[in-house]
């Protein structure tokens with residue numbers, strides 16, 4: 690589904706210093722997988738996620754989603770493609786404080802194709818699914834950190850994306866809330882079959898996925914492993 694072929698990403702820091710954030714990555718994420726990507730800070734895992742999402746242009750190599758080469762598209766077409774096929778969950782919720790929970794969830798629809806409705810019904814269904822069916826008219830400031838992250842997950846699913854990309858989605862949460870959010874990711878994957886790629890420094894979260902890979906100094910030294918998922922409750 691997502692294919693990276695010979696992908697490298699370098700940054701010039703000045704004074705002749707160059708950082709190889711990604712170093713010759715060859716990697717395929719199959720449809721329906723829940724990949725947990727781990728690694729130390731600075732190992733390149735977030736850069737890999739951004740490159741796979743078409744948010745950061747590789748210095749070399751090819752990035753494709755199915756048969757679409759992301760960097761063969763214009764900036765506008767790549768944004769449209771991303772809006773239509775990908776959902777994003779980041780470490781910090783980045784909800785708009787002046788919009789209700791419901792309107793925060795429907796916001797991505799404003800950047801997609803014209804619809805016959807405003808998406809409120811689907812947004813309400815998604816909020817119910819993530820356990821916030823009674824908070825549609827609330828505002829972000831009225832929610833806990835865990836509830837805000839649930840809103841973000843609902844927002845990421847509003848366009849029915851093929852893939853959900855998450856960057857440290859639980860690192861700012863306490864242990865109990867982290868468990869709740871990860872259980873939600875696992876349930877969404879189990880019930881919808883959506884492809885999930887999650888970056889985390891927390892190795893204890895590996896068992897939530899169906900596949901695991903570890904970044905080391907901008908490389909994936911081993912083929913991702915697939916094992917039996919532990920059922921979390």
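Residue numbers (this note's numbering): 690 to 922.
Cβ atoms here follow ideal geometry from the backbone N, Cα and C, with glycine treated the same way.
Please read these numbers as outputs of a predicted model, since none were measured by experiment.
Taking DSSP as the reference, what is the three-state secondary structure of residue 917? Mapped onto the chain shown, residue 917 falls at position 228. For residue 917, the pLDDT reaches just 49, beneath the cut-off of 50, and the residue's location in the model is therefore unreliable, although a value from the coordinates is still provided. Residue 917: coil per DSSP, three-state reduction.
Taking 8 angstroms as the cut-off, does the region 875-891 touch the region 706-723 (at least 3 CB pairs, one atom from each stretch)? Remark: three or more beta-carbon pairs, one from each stretch, lie closer than 8 angstroms, so the region 706-723 and the region 875-891 are flagged as touching.
Compare the Cα-Cα distances from residue 797 to each of 910, 829, 769 and 695 and report the closest residue. Position 108 of the chain shown, counted from the first residue, corresponds to residue 797. Measuring C-alpha to C-alpha distances from residue 797 to each of 910, 829, 769 and 695 identifies 769 as the nearest.
Count the other C-beta atoms from every protein chain shown that fall within 10 angstroms of the C-beta of residue 858, then say buried if there are 16 or more, exposed otherwise. By 1-based counting over the chain shown, the position of residue 858 is 169. Buried: at least 16 other Cβ atoms inside 10 Å.
So who's on the other strand from residue 723, going by DSSP bridges? Residue mapping note: residue 723 aligns to position 34 of the chain shown, counting from 1. Bridge partners of residue 723: 885.
Establish whether the CB of residue 901 and some CB of chain B are separated by less than 8 angstroms. In the structure shown, chain B does not exist; there is a single protein chain.
Residue 850 to residue 704, Cα distance in whole Å? Position 161 of the chain shown, counting from 1, holds the residue named residue 850. Position 15 of the chain shown, counting from 1, holds the residue named residue 704. If you take the alpha carbons of residue 850 and residue 704, they lie about 42 angstroms apart.
For residue 709 and residue 748, the rounded distance between their alpha carbons: Locating residue 748 in the chain shown gives position 59, where the first residue counts as 1. Locating residue 709 in the chain shown gives position 20, where the first residue counts as 1. When rounded, the separation of the alpha-carbon atoms in residue 748 and residue 709 is 10 angstroms.
Under the three-state reduction of DSSP, which class applies to residue 897: helix, strand or coil? The count along the chain shown starts at 1 and reaches residue 897 at position 208. Helix at residue 897.
If you reduce the DSSP assignment to three classes, tell me which class residue 922 lands in. The sequence position of residue 922 within the chain shown is 233, counting from 1. Its pLDDT being 43, under 50, residue 922 is placed unreliably in this model, and the coordinates cannot settle the point.
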